[in-house]
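Below is one structure, written out as structure tokens; the observations come after it.
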Amino acid sequence: LNSVVFLTLPVDSIYDSRSERVCVFGTGDLGRSLGLRLLQAGYGVVFGSRRPHSSSSLLPHGAQVLGHAAAAQSAHLIFIAVQREHYDFLVPLANQLKGKVLVDLSNNLKKNQYPEANAEYLQSLVPGAEVVKGFNTLSAWSLQNGPSDANRQVYICGESVEAKQAVIAVAIKLGFSALDRGFLSVARELEDFPLQLFPQWRLPLRIAIGLSAAFFFYLLIRDIIYAYVTQSKDISFRIMVSLANKVCPIVSLIMLSLCYLPGVLASFLQLYRGTKYRRFPDWLDRWMLCRKQLGLLALGFAFLHVLYTLIIPIRYYVWFKATERTVSMIRENRTTQFDMTTAWRGDSYLSLGILGFGLYVLLGITSLPSVSNALSWREFSFIQSKLGHLTLLLCTAHTYLYGWNRFLSSSTYKWYTPPGYMLCLVLPSVVLLLKLLLITPCVDRTITRIRQGWERGADQRNPKDNLSLRHEL
Amino acid sequence: LNSVVFLTLPVDSIYDSRSERVCVFGTGDLGRSLGLRLLQAGYGVVFGSRRPHSSSSLLPHGAQVLGHAAAAQSAHLIFIAVQREHYDFLVPLANQLKGKVLVDLSNNLKKNQYPEANAEYLQSLVPGAEVVKGFNTLSAWSLQNGPSDANRQVYICGESVEAKQAVIAVAIKLGFSALDRGFLSVARELEDFPLQLFPQWRLPLRIAIGLSAAFFFYLLIRDIIYAYVTQSKDISFRIMVSLANKVCPIVSLIMLSLCYLPGVLASFLQLYRGTKYRRFPDWLDRWMLCRKQLGLLALGFAFLHVLYTLIIPIRYYVWFKATERTVSMIRENRTTQFDMTTAWRGDSYLSLGILGFGLYVLLGITSLPSVSNALSWREFSFIQSKLGHLTLLLCTAHTYLYGWNRFLSSSTYKWYTPPGYMLCLVLPSVVLLLKLLLITPCVDRTITRIRQGWERGADQRNPKDNLSLRHEL
Amino acid sequence: LNSVVFLTLPVDSIYDSRSERVCVFGTGDLGRSLGLRLLQAGYGVVFGSRRPHSSSSLLPHGAQVLGHAAAAQSAHLIFIAVQREHYDFLVPLANQLKGKVLVDLSNNLKKNQYPEANAEYLQSLVPGAEVVKGFNTLSAWSLQNGPSDANRQVYICGESVEAKQAVIAVAIKLGFSALDRGFLSVARELEDFPLQLFPQWRLPLRIAIGLSAAFFFYLLIRDIIYAYVTQSKDISFRIMVSLANKVCPIVSLIMLSLCYLPGVLASFLQLYRGTKYRRFPDWLDRWMLCRKQLGLLALGFAFLHVLYTLIIPIRYYVWFKATERTVSMIRENRTTQFDMTTAWRGDSYLSLGILGFGLYVLLGITSLPSVSNALSWREFSFIQSKLGHLTLLLCTAHTYLYGWNRFLSSSTYKWYTPPGYMLCLVLPSVVLLLKLLLITPCVDRTITRIRQGWERGADQRNPKDNLSLRHEL
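Chain order of the listed sequences is A, B and C. Mapping of the first sequence onto this note's numbering: position 105 corresponds to residue 105, and the numbering continues sequentially without gaps. Mapping of the second sequence onto this note's numbering: position 3 corresponds to residue 1003, and the numbering continues sequentially without gaps. Mapping of the third sequence onto this note's numbering: position 250 corresponds to residue 2250, and the numbering continues sequentially without gaps.
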């Protein structure tokens, strides 16, 4: 029976005792860090080394050092803390490694460095062993000092379930939570993971930086340089706040509309094709996949815009102008009339901005992993789609009210260029118009049918007795 | 041994090979989406269809199509992507389905549409098979394109553990994390899940909207209409900011006290009954269960209040009034004395508000799932109860200071109605008074004993050797 | 074969039926609450009691009450809801308890109350049984009403894997998610968990409070008392806002630098020792472990600082001063010149503050558990280290610009004491300087090599074929 239990229970039960032994190949930094952690977790640790005697001095106290062959025989689980280039030393050990679980911890220095994943390469070298990829996504810090805030999760993959369970058991004892990601074919993905630095953020960040730079220089010319050339007035100090407070909202609004444009385009594409079963072009797919990042960056800029706006009255320049105006009013004995329209416009403008920002923040919060995981997809799509478009609407209206009637006065168009807020209104207006089209009853009905699997000129092919999905885009 | 392994290992090991076959009944949208995902995850997919030949054309490339009977025999796991109304076609297949795992993916269009859950109905039709409910909480998006931000979690339930493990194994390979929710009796719950749209938020939202509307009209009459009728002054523009900035704090404060009132009431009820073992009335239970939502909505209104307050100095109206005052001061050669009391009052009023809002935000952050999960219940109750009541105290004091001595001057009571901030002070004051009563030593002692299981006139029944819980409400 | 299945499947399959029976020892509050939950989850519940008849009246309806011996025999799983002091009543039941799973739910009133953990003590009393520690971290609320926002996670530990699986199965059916923490030796840790109240926050909070108090009194003397003594002017009202708005930024900046100082010190220590394999002194370790808390508190103070700054223009005092100035300007017929330098300085000062705060918030968000878990350690360290130091840089520059040339004018040094912002600049400047040293190519190279396991005068010991870790501190 035991042998059955051996095969069938999560492996930690096999050696369910303090004296469980684990083997580590490689006495480098990773090997030593891991060995230390294993000892602390109550394992017996045996190091496999080419020169047991020379290296022993360095190793954590309490660990045993043997030659590779002897070490391999001493344990069922062997951590391979050796660089891929040197895996070949394992080939002669084929016999000792037969049936053993080899954990491949290795990472590469850059992506696609080798034709196949290190773990797959290892498996091909030692076919008799059961290779499991894992732990490689952990930081040095986590492996030496246990789970940190950054890494509690350990990802593993491999062909054999028992082998994976054995590794999961060790991970749990080391204080990590392990997730089985499937077959060894996933190894490549796991090996690329630690190399990535915000891959999904690349494109959105580039867009944000590009837009910021473009509008910064555009406004620099229109406002500061224009003033200098035409009235030879130096108002360069405005760069720090006034200009920043123009760039932020502009970029924010454009990014927000960029975040809702792909969904609209996709709908029109489906409408045009009359089916949902043809893949979207790659550029559209990529675009759709970075909507979240686009939205969060937009929120960031909106946040800065709010701060920049709120500090206006604290600015020396503003205080100075205000005083100047009052003083001149008195000296020249002028009086001003309270203008109801300005009051209405100004207040609505501010109010719309506040409500828009409120919704903005709500969208941001619901895109936190722990929050969105707690939502049913109907709830999630309600917030991200319905409230999202409402946010876009509010922010666009906010900007239109800001422009107000200045759209008409020619003085607005210095050097025949439109001000920034006009430029940034184009995209959101388009998105909102298209969305408006999509929610008109007739169009919406077709879209919904298409999303439920209906295909133009293919109705009879989709028997009524089959289950369909509600739409969500 | 294989047969043992078959029964005993997480099922993915059974077909531990690329060629594992899964069967899908129903060639509708859901069936096709799922089939595509399964193929991508390396499964062999066999569709069961009434007209294998007609439907095949539509199905994802690489999938096989057979008649239902043949398809059923080809795989151990069968996804039922067919509407409940048509389940009966499975009855004649009873033999082929014996011992198979049937995954019920179906959802209903509205709650309690049928006497029993679809999955239970399916089980009753095919008693020989092992029915597992699952995947139905996923969105179209997730099922077609894999886990999205919104859905990574898959919930399943069923009677047989092996069957559930088989389904979990598939879920993991598709990139989801599966959670066993228990027996098939849970199916109804799982089937209702996708239909829900913020069920716990309904009541709090209604309260919030109701309060907002009520106070909006109340203040509309007291401020704008009153001014128009008595002094025929049109100050309607104030609706956008001034009025909004009165409604928000009022609603926020009332909601916050509504969030702490039920706890206080519950304590008094226990005190009155002298036991904790009698259930609370339903209305109180429901109320207690939506405290979190009440609090978060209150935070939302507080957030808007802060923004509305901070933009005050940017407003045209405010700027105009300020200038006017200064100008008139000079023209009429008046001078004003610096009033120390006003300075003290104004600054403390602002400072209390800021501190209150700071705590408010802290409460909001700790109610994020990932944060509250990391807290021990003692820590959680410390923040939500102790700090929560402190927040209420600060915000109430903030409002009292705002009112200051205007409580006395009759001019405050236009048309004999009290201003909004007075009305909104009633509830928080009551809550704080009751709470004050509860924390007086003598009362607190009794409450604690009751919460530890003591019952008035029943001491001898609760032997000292039994474990009691610390209190938390 | 069944017996195999019995041993090898997650134990819930053993009693896979509604009538599964679980036993609860102890009819106290905890026992009854738990019993109720178990009944609701569809278990058959048998209470073990010293006086079955007397206590039955109190117990949840549907539960059975027997003597301890009889109860023990009726179920495989027994919850021990009895205080440790009374465990000895189990000794005579040794035979009935042989092979049973005993779940120890007990908590202590203070840490290290007993030489060994309650669960270990229990195991020593009943060696024949399989003791599992668990559920003790749950709140009364959660145990009675099911998973609350605060507690969804159940931690368990024990020697036997089957026993643990049995308990996990129950936990899942009760709606909790259970995490195996390893051997019974972890029990002590689990028993201490519910007693803890923000242990990692203690030190940072003390520092924050200490600093706040110190600077409050320092500034109280320098500003308010100084003004009173030298010019007998009462400006005590400034305490509420002006003073608070000086204390907050000062404490925030110091705390932020305290959060990055230990990392820098650690690097220099490693540089000095020429190895990473000697442990850091305890004080440094403790310091490093509370960096996150230090940072979050610093963010809190920065948040208050922002609010205090933004309300400045709403203050009565500020309005009064502004008017006074304007009035006097006119009466004395003075005119002011617009000072470009002041404009530049003021705006840059504000702009730096805003950007700094923006990054501050970003750091805060990424330290949310659910967010940081989604990051690879490379991403996490990029944000927390790179962006973190950038934040420190921005905030320090912000403060320097605030001070500007006042560093030179003697009038700044009332009573020969430097103003607060000068004092708070010392630490961040030091940290930034040291960090600057560390990132100079030559030093950085050495550090990196050390972090990769290289040791001064020990190169040959670290064979090239061993795997090294990228650095992260």
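C-beta atoms are modelled at their ideal positions from N, C-alpha and C, and glycine is treated no differently. On a predicted model such as this, the values are computed, not experimentally measured, just so you know.
- In the DSSP assignment, Tyr-2308/C is bridged to no other residue.
- Nearest CB-CB separation between Thr-2326/C and chain A: below the 8 Å threshold.
- Counting the other Cβ atoms within 10 Å of the Cβ of Gly-1356/B gives 16 or more, which makes it buried.
- Ranking Ala-2163/C, Pro-2249/C and Gly-2134/C by CA distance to the CA of Met-2422/C puts Pro-2249/C first.
- Per DSSP, the continuous beta strand (DSSP E) segment holding Glu-130/A begins and ends at 130-134.
- By the neighbour-count definition (other C-beta atoms within 10 Å, threshold 16), Cys-23/A is a buried residue.
- In the structure shown, Gln-2293/C falls within a helical segment according to DSSP collapsed to helix, strand and coil.
- Looking at the DSSP output, Phe-2047/C sits in a beta bridge with Val-2024/C and Val-2065/C.
- As DSSP reads the structure, Asp-1180/B sits in a beta bridge with Ile-1156/B.
- Within the region 2366-2378 of chain C, the residues whose Cβ lies closer than 7 Å to some Cβ of chain B are Leu-2368, Pro-2369 and Ser-2370, listed in chain order.
- Per DSSP, reduced to three states, the secondary structure at Val-1229/B is helical.
- Taking 8 Å as the cut-off, the Cβ atoms of Asp-2223/C and Arg-2238/C count as close.
- For Leu-2093/C, same chain residues with a beta-carbon under 7 Å away, outside a window of 5 residues either side, are His-2068, Ala-2069 and Ala-2072 in chain order.
- Per DSSP, Asp-192/A lies in no beta strand (DSSP E); the unbroken alpha helix (DSSP H) holding it starts and ends at 187-192.
- Contact with chain B is found for Pro-2313/C, since one of that chain's Cβ atoms lies less than 8 Å from the residue's Cβ.
- By the CB criterion at 8 Å, Arg-181/A and Ile-156/A fall inside the cutoff.
- Between Lys-1276/B and Arg-1037/B, the C-beta spacing is not below 8 Å.
- Chain A places no beta carbon closer than 8 Å to that of Gln-2196/C, leaving this residue out of the contacts.
- Distance from the Cα of Gln-2200/C is smallest, within the candidate group Asp-1444/B, Ala-1374/B and Ile-1447/B, for Ala-1374/B.
- Taking the Cα positions, Gly-358/A is about 29 Å away from Asp-444/A.
- Nearest Cα to Pro-2262/C within the set Val-2247/C, Leu-2289/C and Leu-2125/C: Leu-2289/C.
- In the three-state reduction of the DSSP assignment, Asp-1029/B falls in the helix class.
- Just so you know, the alpha carbons of Gly-1062/B and Thr-1027/B end up roughly 14 Å apart.
- Put simply, of Lys-1173/B, Leu-1179/B, Cys-1395/B and Arg-1378/B the residue whose alpha carbon is nearest the alpha carbon of Leu-184/A is Lys-1173/B.
- Ranked by Cα distance from Tyr-402/A, the first of Ser-367/A, Leu-350/A and Tyr-360/A is Leu-350/A.
- The C-beta distance from Ala-117/A to Lys-98/A rounds to 22 Å, too long to meet the 8 Å contact threshold.
- In its chain, beyond the 5 residues on either side, Gly-2388, His-2389, Leu-2392 and Val-2431 have a beta carbon closer than 7 Å to the beta carbon of Tyr-2260/C.
- DSSP places Val-1126/B in the coil class of the three-state scheme, outside both helix and strand.
- Going by beta carbons, Ile-383/A and Thr-366/A fall inside the 8 Å limit.
- A residue is called buried once 16 or more other Cβ atoms fall within 10 Å of its Cβ, and Thr-341/A, having fewer, is exposed.
- Rounded to whole angstroms, the gap between the alpha carbons of Phe-2216/C and Cys-1395/B is 23 Å.
- Residues of the region 349-366 of chain A with a C-beta atom less than 9 Å from some C-beta of chain B are Tyr-349, Leu-350, Ser-351, Leu-352, Gly-353, Ile-354, Leu-355, Phe-357, Gly-358, Val-361, Leu-362 and Ile-365, listed in chain order.
- Pairing Ala-2119/C with Leu-2109/C, the inter-Cα distance amounts to about 15 Å.
- For a Cβ distance threshold of 9 Å, residue set Gly-2182, Phe-2183 and Ser-2185 of chain C lies close to Gly-42/A, ordered along the chain.
- Taking all protein chains shown into account, Arg-2279/C has fewer than 16 neighbouring C-beta atoms within 10 Å of its C-beta and is therefore exposed.
- Put simply, the backbone Cα of Arg-21/A is about 23 Å away from that of Glu-159/A.
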